[in-house]
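Sequences listed follow chains U and E, in order.
So in our numbering, spot 161 of the first sequence is number 1034, and the numbers just go up one at a time.
So in our numbering, spot 43 of the second sequence is number 423, and the numbers just go up one at a time.
Heads up, the beta-carbon is just placed ideally off N, CA and C, and yes, glycines get one too.
This report refers to the structure that appears directly beneath it.
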Amino acid sequence: MAASMTTDQSCFFTLALGVSFLKCLLVNAYHSTDFEVHRNWLALTHSLPVSKWYYEATSEWTLDYPPLFAWFEYGLSHIARFFDKEMLVVQNLNYSSAATVLFQRLSVIVADALLFYGVKECCNCLQEAKGKYLFGKSSILAVLLMWNFGLLIVDHIHFQYNGFLFGVLLLSIARHFQNRHLEGAFLFSILLNLKHIYLYIAPAYGIFLLRCFCFTKNNADGSLQWRSFSPLRLIALGTIVVSTFAVSFGPFIALGQLPQVLSRLFPFKRGLCHAYWAPNIWTLYNIADKAFSILGVKFKLLDITKLPKASMTGGLVQEFQHSVLPSVSPLATLVCTLLSILPALFKIWHRPDGARGFLRCLVLCALGSFMFGWHVHEKAILLAILPLSLLAVESREDARIFLILSTTGHFSLFPLLFTTQELPIKIFLMLIFTIFSLTSLKKLFRKEGALVSTLEAVYLVGLIPLELICEFVYPLTVWQKTFPFLPLMLTSVYCALGVTYSFIRLYITLLTCSSAISKVKIQ
Amino acid sequence: MENWSLISICVLLGLTTRWAVSINSYSGAYKPPMFGDYEAQRHWQEVTYNLPVHEWYFNTTNNDLNYWGLDYPPLTAYHSLMCAYVAKLFNPEWVELHASRGYESHSHKLFMRATVLFADILIYIPAVLLYCFYLCDGSPKQKVATALCILLYPGLILIDYGHFQYNSVSLGLALWGILGLGLGWDLCGSIAFTLALNYKQMELYHALPFFCFLLGKCIKQGLTGRGFLRLAKISLTVLVTFALCWLPFLCNPEQPLQILHRLFPVDRGLFEDKVANTWCSLNVLIKIKTLLSRETQLFLSFALTVLFILPSSIKLLFRPTLWQFKLALVNSSLAFFLFSFQVHEKSILLAALPVCLVINEIPLIAIWFLLTSTFSMLPLLLKDGLLLPYVVTSLAFLFLSLYLLSALERSVDEELRLGILHKLSQHCLPKLKLGQIIKAKFWLSLVAMAGLSFTCVWLEPPARFPDLFPVLVSVLSFLHFLGFVIYFNYVQLWDPQKQKSQKKTN
């Protein structure tokens, strides 16, 4: 056992080291405007007093992350001084000297140590949970999380700090698996104060902690025993969460800046969909609207002059005006999101299936918000893919959903890297990840038959011609000039189908898994 | 995990690394008037596309040989011509006569990098995979691990995708030759190697072992009977392949002579820049370059090279097995690198290829050699602005190959193939463990190389010796290579395990 543990550890170490080397090689690759965003934040946290952080507007990329992330940037800026002082000047817009690039890239790579730690803890949970022949499972999980295609390209090419944030999330999940709920809650409240996009999954945390931590006992059939409520635990939980938020937002409340901070964090001025449509329900809604309007015009049911001018040819679709279907308001998306996650929340309240049920609910919350949210970025799909990896190595059905969701979700990230130079890298990395996840999961569940059905396989293989058309054939055609937006639209519509399908399947597993488990228990 | 998926992941990892390195700068980027090898390759496309064949190697009004004139054999020229046709499709400015001189742009860089990747995928990578699967021992997983290590060898990646050259073509063709000879398809192997020779004349470093291996095989079959027929067939194949490669130049006797003159520029001196070979290192102590006449230098280098090649080649002649062949290739190319006339620092890649092929049998020493060879090109890489990929790929190769091939565990005395020396040391000093000493030396030398790399990058050389660090790099690497050539000769000539490995490979 000891020997296998050490080989396991050295395997993990090699995987982590290997991916870190790969990240280092990408230092000089293309980086998006997010690079300048974070440079600007370094500069403004370094050179301005706290009271001005959320008011500073020299650069258009104002600080729109919660305070703890600003403090993180503040900490980084003290190391940045030794690389290049010029990057810490707020007025140096779009400053990107070689030392600046190196420092910012290295900061992401080094911060990813936290991701590795989180992954390690999650892998250990797997082993504790089942014991015997999990040697393969934990290393598969380690690859799925550490070599995740989306994380690699979003963090290390596009440039963001998602890696260490996901490290905190995974660590918090692992703590729940280990029944160290207070620690888990503490980590999650820190995470919320680092990046507020994790609010998507906060409902799952809230319900789960209330149900499984604050109530200590269940009835024999797994339902809630109301009398077992422990006020002490609720107070402990509340203290932890409130004090974290107090440390983070306290100074700004004291300065009377809370409304300003919140207005920076939640800008509702943007449109329903991002410039590039994230593959969700609204993409399908938009495209249905477009189809209806075209059909309407063709069959003379609609008057072409009365239709709002379609902006699909403009390249950027910030405000898409629906011509046939009703327009969607932010409130409507909020209601839809809540409705979509409510059954999942109800399910874990009614029959919590331990930490695993919580994890499933968490993935559903992330996916539900992705499907129905207002102005969702395509990158938010990672919030569902990464936690789903944990489930994928445990059951065949989840592995199947994971394959479909991760492949389509990752493919929908392709337009993030639009430069020709990065084209081979994104294709190679995507192939590595997809081939690995496909064959390793297939081998893991070899005994239980094929992983994906023929139709699903055809759908997934269809991504290859789609990519060929979008990146190689279409730019050579005459339509490139008149409809430059079409390949992006095709990509997001095609991927939206897969994401929606996985969302539905995941819901089905949630609603049916309890019966399966109770059956097992009876046997 | 299934085999095909492991292989494809390995290949994709290799490709990712290659492309990630190619994002970086290339030799002579934005450095007029002469630029670097990148411009040389582009210039050859321009020349071959616009000028008639008979002008390619001659100094004419349209072809200034002093500005990166063609100095590689015809296949390189044909390859340039093919690339030029593709380039013309994308942008005619890239290959316009005279006007395109010094042309540099982002899209052109992408095009050039893509041609390297394309050639690599077509020639080198399949050869490596086939070699690992048909000529390596061990379990399928071990074969995949070997393939990954060979594909990730930093020296070749840095020179091809960083500095910019097409070494993967010539080395790949040579590897196809080794593959052919190893699998018993001597004719195919000879064709492949002849093509390699006609792509880069430096492949001559490998020529003698090829010749001795084939001749040895024929002798084994009896030179009077079937062996002679076989030899005649092979010679005919080689001659025909040569003739076909040189066909456009054969109409006029002036042409081949001029090409030969271009290929072997004797008047360029004993060595150029800082090379980790004997002459450059000796030059630190004695100024041979000025002391001796050109003829003496030529004679001396020729004599020493032959002296160092002969033992291994003669051994191969009488024992033509694959294992001996691989070792002879190492010994011959190393001897050429160390002692021959007009050696470039990049020529170490020719020795690195056969060392890659023994990485499964002698992991620790092979890894050590491959890292040293990368280190020996440090001054060149620094000049090209490739510090970051150099550091990252070297460290990645070190850790990955040590882990995958479990090189440190396998460095016990038997695995190092030190046979007699091992017995001798056990006899005299029973407590002494040779493997331990070599491991300690390995780490010590890595620390020295890392330290010197660090010094080269961060410290200013004293004003009196501006070339101090490059000289130190080449002397240190030279000492390593000298050790390696002795080691590999020793293994080839006295290794008692040859019978065993011979059986294995057969």
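Asked: Below-8 angstroms beta-carbon distance, isoleucine 689 of chain E vs any chain U residue; Found: no
Asked: Residue nearest to valine 980 of chain U in terms of C-alpha spacing, selected from U:Phe908, U:Cys1087, U:Val1114 and U:Phe1306; Found: Looking at the sequence itself, residue 980 of chain U is serine, so the reference to valine does not match. The residue with the shortest Cα to Cα distance from serine 980 of chain U is U:Phe908.
Asked: Leucine 1082 of chain U beta carbon less than 8 angstroms from that of alanine 1058 of chain U; Found: yes
Asked: C-beta contact flag for threonine 456 of chain E and threonine 773 of chain E at 8 angstroms; Found: no
Asked: Cβ shell of cysteine 390 of chain E (< 8 angstroms), same chain only, five flanking positions each side left out; Found: Val524, Ala527, Leu528 and Leu531
Asked: Status (buried if at least 16 other CB within 10 Å, exposed otherwise) for aspartate 1094 of chain U; Found: exposed
Asked: Alpha helix (DSSP H) runs wholly inside the segment 634 to 669 of chain E, at least 4 long, in chain order; Found: 634 to 643 and 658 to 665
Asked: Partner residues on chain U for leucine 395 of chain E, Cβ-Cβ distance less than 8 angstroms; Found: Pro1297 and Phe1301
Asked: CA nearest to the CA of phenylalanine 717 of chain E, picked from E:Ser854, E:Leu450 and E:Thr428; Found: E:Ser854
Asked: 8 angstroms Cβ cutoff, alanine 527 of chain E in contact with chain U; Found: no
Asked: Cα-Cα separation, leucine 603 of chain E to leucine 751 of chain E; Found: 42 angstroms
Asked: Whole-angstrom distance between lysine 1315 of chain U and glycine 408 of chain E, CA atom to CA atom; Found: 49 angstroms
Asked: CB contact check: glutamate 473 of chain E to chain U, cutoff 8 angstroms; Found: no
Asked: Neighbourhood of valine 888 of chain E by C-beta, 8 angstroms cutoff - its chain only, sequence neighbours within 5 removed; Found: Since the first residue shown for chain E is 381 and the last is 886, residue 888 of chain E is missing from the structure and cannot be characterised.
Asked: Partner residues on chain E for serine 1012 of chain U, Cβ-Cβ distance less than 9 angstroms; Found: Going along chain E, no residue has its Cβ under 9 angstroms from serine 1012 of chain U, so there is no contact; the nearest lies around 10 angstroms.
Asked: Spatial distance of leucine 1007 of chain U from asparagine 997 of chain U (CA atoms); Found: Summary for leucine 1007 of chain U: the model assigns pLDDT 40, below 50, so the residue's position carries little reliability; its value from the coordinates is reported in the next sentence. Answer to the nearest angstrom: the Cα atoms are 10 angstroms apart.
Asked: Close Cβ partners of phenylalanine 976 of chain U (< 8 angstroms) along its chain, the five nearest in sequence each way excluded; Found: Ile952, Ala953, Phe956, Asp957 and Met960
Asked: Between the CA atoms of asparagine 443 of chain E and glutamate 484 of chain E - distance to the nearest angstrom; Found: 20 angstroms
Asked: Neighbouring residues, chain U, relative to valine 401 of chain E (Cβ below 9 angstroms); Found: Leu898
Asked: Nearest candidate by alpha-carbon position, reference histidine 911 of chain U, set U:Ser950, U:Gly1123, U:Val1334 and U:Phe1243; Found: U:Ser950
Asked: Contact set between serine 1308 of chain U and chain E, taken where Cβ atoms lie within less than 8 angstroms; Found: The amino acid occupying residue 1308 of chain U in the given sequence is isoleucine; serine does not appear at that position. In chain order: Ser385, Ser388, Ile389 and Leu392.
Asked: DSSP state of phenylalanine 593 of chain E mapped onto helix, strand, coil; Found: helix
Asked: Beta-carbon neighbours of serine 969 of chain U, restricted to chain E and to distances below 9 angstroms; Found: Simply none; closest approach about 15 angstroms.
Asked: Nonlocal neighbours in the same chain, by C-beta distance under 7 angstroms from phenylalanine 779 of chain E, ignoring five residues either side; Found: none
Asked: Beta-carbon spacing of isoleucine 369 of chain E, serine 712 of chain E below 8 angstroms; Found: Outside the shown range of chain E, which is 381 to 886, sits residue 369 of chain E, and nothing can be said about it.
Asked: Residues that isoleucine 1305 of chain U contacts on chain E, provided the C-beta gap is smaller than 9 angstroms; Found: Ser388, Ile389, Leu392, Leu393 and Thr396
Asked: Isoleucine 728 of chain E versus serine 681 of chain E - alpha carbon distance; Found: 17 angstroms
Asked: Nearest to leucine 733 of chain E (by Cα), restricted to the options E:Pro691, E:Ser693 and E:Asn547; Found: E:Asn547
Asked: Chain E residues whose Cβ lies nearer than 7 angstroms to that of glutamine 1098 of chain U; Found: By Cβ distance, chain E contributes nothing, its closest Cβ being about 46 angstroms from glutamine 1098 of chain U, past 7 angstroms.
Asked: Test item: CB-CB of leucine 563 of chain E and lysine 613 of chain E under 8 angstroms; Found: no
Asked: 8 angstroms Cβ cut-off: residues of chain E touching asparagine 901 of chain U; Found: Ile403, Asn404 and Leu768
Asked: Alpha helix (DSSP H) segment containing serine 920 of chain U, residue limits; Found: 906 to 920
Asked: Helix, strand or coil at leucine 1097 of chain U according to DSSP, with G and I counted as helix; Found: strand
Asked: Continuous alpha helix (DSSP H) stretch holding glycine 1335 of chain U: start and end; Found: No alpha helix (DSSP H) contains glycine 1335 of chain U, which DSSP labels as neither H nor E.
Asked: Any 3 or more C-beta pairs closer than 8 angstroms across the segment 1204 to 1212 of chain U and the segment 1242 to 1257 of chain U; Found: yes
Asked: Distance between histidine 1054 of chain U and alanine 1228 of chain U (C-alpha atoms, nearest Å); Found: 10 angstroms
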